[in-house]
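Step one of this worksheet: look at the structure below.
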Amino acid sequence: TLLHIPPLPINSPSSPPPRRRRCPPPMAAFASAPQQSKPLVLGCGAVSVDYLATVASFPNPDDKIRSLALKVEGGGNAGNALTGAARLGLSPRIISKASNDALGKSILKELQDDGVDTSYMTVADGGNSPFTYIIVDNQTKTRTCIHTPGYPPMKPEELTKENLFAALHGVEMVYFDVRLHETALLVAEEASQRKIPILVDAEKKREGLDDLLNFASYVVCSAKFPQAWTGASSTPVALVHMLLRLPNLKFVIVTRGEKGCLMLERSMTDASETEETDVEDLLESLEQKVDLSSSMAKCVASKSNLRISADGVGSMSGRLIMGTAEDIPSEELIDTTGAGDAFIGAVLYGKHTTS
């Protein structure tokens, strides 16, 4: 189970003063790129304001209940993930859209205060910024989201070539949460031409997802996505299927909540001459290596450059890695809001700080 460390509430009187500097405007960032000390990443996707109401337990239909607590925070998959990346030490830029209403101004300010460059965001003169009502169940530690999209929606022509080129200048990775998919596809095509690695958040089937996956160097999936997308009999089999179906993919990670995560990584050298290892048997062997008496998170990896197979799907060269999750006492657990986004922020950071 993942511990959610929420961003500073937008309207909280107890929030400490912002510690992060406002990022420079596009031309200043462009001019100073050679002196950039933090790795640059670009994200394209959703931002919003989240209204998080914590309740004792999720209400039944027609119930009237009271909240135990209410927080108002910046949200959206891309906004959350890039905030996490900024707090870990990267220098993120974001392509998204908000309106010039009170919510939009709050979204921009919170991102800027956390070190996310909002210079490439589109701000509409009218309409409404995106917002989400989130019901946090204190009993099950789950959350239910009711989202209201921003209006008017972002159109690809609102991202000019000049801004697109400036946003990509010096960037070491591009991340998509698969919102704003028409705009995202323009960014992905240009990033691919520049040979910039691309990470896609495959949370669930969405319009435009398949097009973005064809550009992806790395994919992070929710627990149910691999089987839903491939129709495979199990998650490990689905991961093999994904790497065979997406030849540009270097690795795919699936998050599994309290079970941790799995990563299937493609080898750069061909292992077709070696004996095949069934992916489900390989996962079982990794699970047997885990010390169940320890509450700490661990990483267990198979040998490199194995020939990993899945019955009825095929085989590929690579290795399987299993990460367990820390066993967090229930009294320390807040909720799972933004946990997947925080995970992606950590993956973005990890790709730039480790081999």
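Just so you know, we're using the UniProt record's numbering here: the sequence shown kicks off at 1 and counts up by one. We put the CB at the ideal spot given by N, CA and C, even for glycine.
- The bridge partners DSSP lists for S48 are G75.
- When C-beta atoms of the region 200 to 217 are compared with those of the region 158 to 178, three or more pairs fall below 8 angstroms, so the two segments count as touching.
- Distance check between G340 and each of S129, T160, R256 places R256 closest, using alpha-carbon atoms only.
- The region 55 to 64 makes no contact with the region 189 to 205, as fewer than three CB pairs between them are under 8 angstroms.
- Note on geometry: alpha-carbon atoms of L264 and G127 lie some 43 angstroms from one another.
- In the three-state DSSP reduction, S192 falls in the helix class (H, G or I).
- For the 8 angstroms CB-CB criterion, T269 and S309 do not form a contact.
- Non-local beta-carbon contacts of P130 in its own chain, meaning distances under 6 angstroms to residues more than five positions away in sequence, involve S48, P149, G150 in chain order.
- Annotation: I308 is outside any alpha helix (DSSP H); the continuous beta strand (DSSP E) that includes it extends over 306 to 310.
- In this structure N305 is in contact with S317, their Cβ atoms being roughly 6 angstroms apart against a cut-off of 8 angstroms.
- The continuous beta strand (DSSP E) containing S91 extends over residues 91 to 95.
- Taking the Cα of K204 as reference, the smallest distance to any Cα among T183, P226, K161, I198 is reached at P226.
- Counting every other CB atom within 10 Å of its CB across the protein chains shown gives V171 a total of 16 or more, marking it as buried.
- Residue ranges of uninterrupted alpha helix (DSSP H) with 4 or more members, entirely inside the region 138 to 192 and ordered along the chain, are 161 to 168.
- Boundaries of the beta strand (DSSP E) around E265: 261 to 266.
- With respect to the 8 angstroms criterion, G345 and L168 are not classified as neighbours on the basis of their beta carbons.
- Going by beta carbons, L262 and L243 fall outside the 8 angstroms limit.
- Of the candidates S272, D327, V279, R319, D327 places its Cα closest to the Cα of S294.
- According to DSSP, residue pairing for R319 in a beta bridge involves E265.
- Judged by DSSP secondary structure, A202 falls within the beta strand (DSSP E) whose first and last residues are 198 to 202.
- Fewer than three Cβ pairs drawn from the region 280 to 298 and the region 245 to 252 lie within less than 8 angstroms of each other, which leaves the two stretches out of contact.
- One thing to note: A81 has its Cβ no nearer than 8 angstroms to the Cβ of S99.
- By the CB criterion at 8 angstroms, V347 and V220 fall inside the cutoff.
- For the 8 angstroms CB-CB criterion, Y120 and I94 form a contact.
- Rounded to the nearest angstrom, the gap between the Cα atoms of A297 and T324 is 5 angstroms.
- In the structure shown, the three-state DSSP call for I344 is helix.
- When C-alpha distances from K351 are compared across L90, S57, C44, the shortest belongs to L90.
- With a cutoff of 8 angstroms on beta-carbon distance, L185 and M154 are scored as not near each other.
- Taking T160 as reference, the option from K250, L283, A78, E190 with the minimal CA-CA separation is E190.
- E332 counts as exposed, since fewer than 16 other C-beta atoms from the protein chains shown sit within 10 angstroms of its C-beta.
- Counting only runs that start and end inside the region 209 to 247, the alpha helix (DSSP H) elements of at least 4 residues fall at 209 to 213, 225 to 230, 235 to 245.
- Rounded to whole angstroms, the separation of the alpha carbons of K105 and A223 is 34 angstroms.
- Rounded to the nearest whole angstrom, the C-alpha separation of S302 and T235 is 17 angstroms.
- At a Cβ-Cβ threshold of 8 angstroms, G75 and L111 do not count as neighbours.
- Straight-line measurement puts the Cα of V300 at about 19 angstroms from the Cα of V237.
- Between the alpha carbons of V200 and T336 lies a distance of about 20 angstroms.
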